[in-house]
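What follows is one structure encoded as structure tokens, with my remarks underneath.
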């Protein structure tokens, strides 16, 4: 699963920088930029997934800009995750178009 891979990459980098990753459900919930909304239909679920992907994309872009040249290794990790999230958003948008036609 790519999302787990992203978490693993970030955790590894946090440890390399001397930090301690916090991926507890409570910790994630307090730092999440997207609100969980349960869709009632398949279309609703795809729309909510697409919204969450776009929020993640905006967040990763902001992080990459913030890092700039200060930490090129972390920035490259974020940019790789960003590229994959953009692919996910494209997939969700395509799925949504298919559901609407």
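Numbering (our numbering), first residue to last: 209 to 309. Each residue gets a CB set at the ideal place from its N, CA and C atoms; glycine is no exception. In this text, all values refer to a predicted model and were calculated from it rather than measured experimentally.
Exercise. Leaving out five residues before and five after residue 303 in sequence, what residues of the same chain have Cβ atoms less than 7 angstroms from its Cβ?
Worked result: 254
Exercise. What whole-angstrom Cβ distance do residue 265 and residue 275 have, given they're in contact under 8 angstroms?
Worked result: Contact doesn't hold; Cβ gap of about 16 angstroms is too wide.
Exercise. Should the segment 291-300 be regarded as contacting the segment 223-238, the criterion being three or more beta carbon pairs within less than 8 angstroms?
Worked result: no
Exercise. Can you list, in chain order, the residues of its chain whose CB lies under 7 angstroms from that of residue 237, leaving out five sequence neighbours each side?
Worked result: none
Problem set entry | Nonlocal neighbours in the same chain, by C-beta distance under 6 angstroms from residue 283, ignoring five residues either side | 272 and 275
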